[in-house]
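In the order they appear, the protein sequences are chains A, B and C.
Each position in the first sequence, counted from 1, maps to that position plus 1370 in this note's numbering.
Each position in the second sequence, counted from 1, maps to that position plus 1483 in this note's numbering.
Each position in the third sequence, counted from 1, maps to that position plus 18 in this note's numbering.
Structure first, then comments.
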Amino acid sequence: MSADWLGHRHGSIDNPICRMPATLKLGVSLVIIVGTVLAPMNWTGWFFSVSLILLLTIVLSRTPPIFLLKRLLMLSPFVLGVVLVNAFQSGGRNHWPAVAAKSGLCLLTAILLSNTTPFSDMLRSLKSFRIPALLITTLALMHRYLFVLTDEAERMRRARLSRTFAPGRRFEWRSLSTVVGQLFIRASERAEHIYDAMCARGWK
Amino acid sequence: MNAIEVSNLKYHYHDGTEALRGVSFCIVSGECVALLGPNGSGKSTLLLHLNGILPEKPSGNGTIKILGESVTAKNLNMIRRQVGLVFQDPDDQLFCPTVHEDVAFGPQQLGLGDVELNARVEQALDHVGLAGFGRRATHHLSHGEKRRACLAGVLACEPTILIMDEPTSDLDPRGRREFKALLRQIPSTKLIATHDLELAVELCQRAIVLDHGQIVADGRTVDLLSDERLMLVHGLECPHILRHVHPH
Amino acid sequence: MHIPDGFIDGKTAVTAAVLSVAGVGFALRQVKRELPPRKIPLLGLAAAFLFAAQMINFPVAGGTSGHLVGGTLVAALLGPSAAVVVVTTVLIVQCLLFQDGGVMALGANIFNMAIINSIVGYAVYRLVCHRLTGVRGRVTALVFAAWCATVLAAMCCAGQLAWSGTIPWSIAFSAMTTVHMLIGVGEGLISALVFLAVYHSRPDLISEMATPEQPKRLRELVGYGLLTTLGIAAFLAPFACSWPDGLDSVAEKLGFSHKVIAPLLPAPAPDYQVPGIHWATGATALAGAAGTMIVFVLALLLGRWLVPKPKDS
């Protein structure tokens, strides 16, 4: 699987939405998501307002609509599952549009939040919400090394593929597990070097 | 017969940047060709096409033929058997815990018996000057030893065509000399992407210069590398070895 | 199994969030207590590793492929509390950065995949390791534990969906459990293979095996045991009443007398469902019981196959 899809920032980075403080964006997103999930379907005012806010955000942040559409499709397996299940129910035929609509709005909110807020800013906000320091450090390190490790995994995948010319499933599973095992070993060794580097600059 | 035939190859990255813009060339069996070009010219991307790693999805942008056969999704196993690719970063390639296991990775897919397999591995290690290194852990090797272990792992598969991406980068002068001596002894068709212009002159009769995804020059290495203007325009330079030697 | 927003309602999300906050908070305190400072960065790197590892596809059949989820594997490598922290980190990043799993549903996802998966996996792993020693024992334990953890996490997920009224329990339970009984086999196998790869190369990196004898972990037993019980009480117990009903239906189908198996509890008011769907619940429960035994035998066989008997000198 290509690691290219991990590049998640799309559109411009200099716009009013991106400049808003992360805590505000996180707070507003949370209110929208929780409100949308809890609101009964007949609160049309709520859904209308939320849709307006999201549309305004899309326009102001200049997020490409095609990107949004592609990401919204991620929901489709779940929605399809619920649709299929409810199709066989006598009373459940009206259920699935509500689920799909609410889910879509929440997902759109999350996508816009993620696309307009650097992760490090989000972490800083979480810190002010009293999330424990150990978890914040772990999240920060994961984010920092996420792309390093996924790139490494991708390069090892290509190197492994280049020397695979008579694959049986048993052989493939064994060699794939070897690669995963190696990834863990390298991650562990890297963690030790990081500890040394952090201590060298006064981390406690 | 042509070992490698590339015709009008195009490729662009996921963000839309064009990496290769219509690359065409042929390499005859037995030739040793240097692939030169500045960073970002598309050398590694081109090499990854030659054993079918790229494109991720068939796109119909140009054709590649290895030993007369077009590279398609169906014959990738055969292609990878014939084309040995040595990657730029040895850590990407050495993913097995011991040297023996890593060198055996390729040949063990050929249905050889244990005795034959071990013999093949020992022979390959011997060839690259790593005799007796079988039980060593791959991550404990020095950089030069890692590079040689990678070469052994590919040679053990006995490919017809050997392709190498920056084989001497990060090597100390002795390591470079020894590696060059190794490569000189390998008779297969060779395509070597490199910044080491002295290696290009010493080992490769022919050179192809790639810049911004296009071939800008293709000819005798000595002629190309002596052309100061060509070298400067495409981010290279005349190697010392040619500056004080008259080409004739 | 990442639940998106909108598929679970307020009460389910809050219940799961409370349980998750308690569980992760407990795990963080345990980790600070037992992990040496040198290993702190390992949590973040292990999370990055798990994310990268989850992207590697293992071919199954005809174009389908499976991939590692890894809660039990990380617990076997680094210990149960570290595993909870690591998987929670992965889930938070997946949610915030890649929208894989909803924001309000984060509590439920953390409960299912970080807590249930890692803790149940670890508990079963330790239990089996206690009986079967050596590397072979560990491999058997890991295969079986990963399977159990996967299935139980799926059941909790089904319970959450049903409690929210999104999908009727009988369908959610049958569908998710049967699918994950299959997925669990792959998870067990991959976990065992990766564990072996690490063990053969750098056994010193497996923190969980650092001490010559297994640490007692009484505090964790009590803490996580309580949490797991509460979770199962919230998400599974309310629906368990329909199991006898379901078993009843299976018995009918198989031709046994209707009176032989009396319902243990009165059946709840039937949710809107197609008549006869009860038998799916019962059949799944029976399949689960049989499956557990089959997978254990499979795990024993895999242990023997993957770990050759050590030669006696």
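The C-beta atom is built at its ideal place from N, Cα and C for all residues, glycine as well.
Alpha carbon of residue i to alpha carbon of residue j, nearest angstrom
| i | j | result |
| --- | --- | --- |
| residue 1713 of chain B | residue 1525 of chain A | 33 angstroms |
| residue 208 of chain C | residue 1543 of chain A | 8 angstroms |
| residue 283 of chain C | residue 255 of chain C | Because residue 283 of chain C sits at a pLDDT of 40, beneath the cut-off of 50, its placement in the model cannot be relied upon, and the following sentence gives the value as read from the coordinates. Their Cα atoms are separated by approximately 12 angstroms. |
| residue 1621 of chain B | residue 1519 of chain A | 19 angstroms |
| residue 1557 of chain A | residue 1415 of chain A | 50 angstroms |
| residue 1721 of chain B | residue 109 of chain C | 53 angstroms |
| residue 81 of chain C | residue 1561 of chain B | 20 angstroms |
| residue 24 of chain C | residue 184 of chain C | 9 angstroms |
| residue 84 of chain C | residue 1669 of chain B | 41 angstroms |
| residue 1525 of chain B | residue 1635 of chain B | 26 angstroms |
| residue 1557 of chain B | residue 1563 of chain B | 12 angstroms |
| residue 1452 of chain A | residue 189 of chain C | 11 angstroms |
| residue 279 of chain C | residue 1539 of chain B | Note on residue 279 of chain C: pLDDT 42, under 50, position unreliable in the model; the coordinate value appears next. Each residue's alpha carbon lies about 57 angstroms from the other. |
| residue 1531 of chain A | residue 1536 of chain B | 8 angstroms |
| residue 1686 of chain B | residue 1515 of chain B | 7 angstroms |
| residue 37 of chain C | residue 72 of chain C | 25 angstroms |
| residue 176 of chain C | residue 1384 of chain A | 43 angstroms |
| residue 1503 of chain A | residue 1551 of chain A | 29 angstroms |
| residue 1561 of chain A | residue 1705 of chain B | 47 angstroms |
| residue 1472 of chain A | residue 120 of chain C | 11 angstroms |
| residue 15 of chain C | residue 1413 of chain A | Residue 15 of chain C falls outside the range modelled here, since chain C spans only 19 to 331, and no answer is possible. |
| residue 1543 of chain B | residue 1490 of chain B | 11 angstroms |
| residue 1660 of chain B | residue 105 of chain C | 48 angstroms |
| residue 1726 of chain B | residue 1681 of chain B | 11 angstroms |
| residue 1650 of chain B | residue 1663 of chain B | 9 angstroms |
| residue 181 of chain C | residue 22 of chain C | 15 angstroms |
Contact under 9 angstroms by Cβ, residue i with residue j
| i | j | result |
| --- | --- | --- |
| residue 1678 of chain B | residue 1652 of chain B | yes |
| residue 1445 of chain A | residue 1474 of chain A | yes |
| residue 1407 of chain A | residue 126 of chain C | no |
| residue 122 of chain C | residue 1564 of chain A | no |
| residue 1570 of chain B | residue 1523 of chain A | no |
| residue 313 of chain C | residue 157 of chain C | no |
| residue 28 of chain C | residue 89 of chain C | no |
| residue 332 of chain C | residue 245 of chain C | Lying before the first or after the last residue shown, residue 332 of chain C is absent from chain C, which here runs from 19 to 331. |
| residue 117 of chain C | residue 1441 of chain A | yes |
| residue 236 of chain C | residue 164 of chain C | no |
| residue 309 of chain C | residue 194 of chain C | no |
| residue 241 of chain C | residue 44 of chain C | yes |
| residue 94 of chain C | residue 238 of chain C | no |
| residue 66 of chain C | residue 1493 of chain A | no |
Nearest to residue i (by Cα), restricted to the options the options
| i | options | result |
| --- | --- | --- |
| residue 170 of chain C | C:213, C:182 and C:196 | C:196 |
| residue 51 of chain C | C:64, C:26, C:100 and C:70 | C:100 |
| residue 1488 of chain A | C:151, C:93 and C:115 | C:115 |
| residue 1566 of chain B | B:1691, B:1659 and B:1644 | B:1644 |
| residue 1448 of chain A | A:1477, A:1423 and A:1420 | A:1477 |
| residue 54 of chain C | C:173, C:205, C:141 and C:96 | C:96 |
| residue 1491 of chain A | A:1384, A:1386, A:1385 and A:1395 | A:1395 |
| residue 206 of chain C | C:253, C:175 and C:317 | C:317 |
| residue 167 of chain C | C:86, C:227, C:180 and C:112 | C:86 |
| residue 1498 of chain A | A:1393, A:1427 and A:1442 | A:1393 |
| residue 34 of chain C | C:301, C:198, C:179 and C:311 | C:179 |
| residue 1553 of chain A | B:1703, B:1559, B:1497 and B:1580 | B:1580 |
| residue 1717 of chain B | B:1555, B:1707, B:1591 and B:1573 | B:1707 |
| residue 172 of chain C | C:103, C:39 and C:306 | C:306 |
| residue 1411 of chain A | A:1470, A:1534 and A:1479 | A:1470 |
| residue 1658 of chain B | B:1648, B:1667, B:1642 and B:1628 | B:1628 |
| residue 1496 of chain A | A:1387, A:1391 and A:1386 | A:1391 |
Rounded Cβ spacing between residue i and residue j (contact assumed at less than 8 angstroms)
| i | j | result |
| --- | --- | --- |
| residue 1672 of chain B | residue 1513 of chain B | 6 angstroms |
| residue 1511 of chain B | residue 1492 of chain B | The Cβ separation is near 18 angstroms, so there is no contact. |
| residue 1632 of chain B | residue 1582 of chain B | 5 angstroms |
| residue 1654 of chain B | residue 1619 of chain B | With a Cβ gap of about 19 angstroms, residue 1654 of chain B and residue 1619 of chain B do not count as contacting. |
| residue 1495 of chain B | residue 1486 of chain B | With 8 angstroms as the limit, residue 1495 of chain B and residue 1486 of chain B do not qualify as a contact, their Cβ atoms being about 27 angstroms apart. |
| residue 1586 of chain B | residue 1608 of chain B | 6 angstroms |
| residue 1674 of chain B | residue 1531 of chain B | Not quite, the Cβ-Cβ distance comes to about 12 angstroms (not below 8 angstroms), so this is no contact. |
| residue 1715 of chain B | residue 1521 of chain B | So it is not a contact: roughly 11 angstroms between Cβ atoms. |
| residue 1600 of chain B | residue 1591 of chain B | 6 angstroms |
| residue 39 of chain C | residue 102 of chain C | Contact flag wrong, Cβ pair sits at about 12 angstroms. |
Exercise for the section: Indicate whether the contact test is met: 3 or more Cβ pairs, each with one atom in the segment 130-144 of chain C and one in the segment 238-254 of chain C, closer than 8 angstroms. Expected result: yes
| said: If contact is defined by three or more beta carbon pairs under 8 angstroms, each pair taking one atom from either stretch, is the segment 59-79 of chain C in contact with the segment 1506-1523 of chain A? | reply: yes
May I ask you to verify whether the segment 131-149 of chain C touches the segment 213-223 of chain C, counting CB pairs closer than 8 angstroms and requiring at least 3? no
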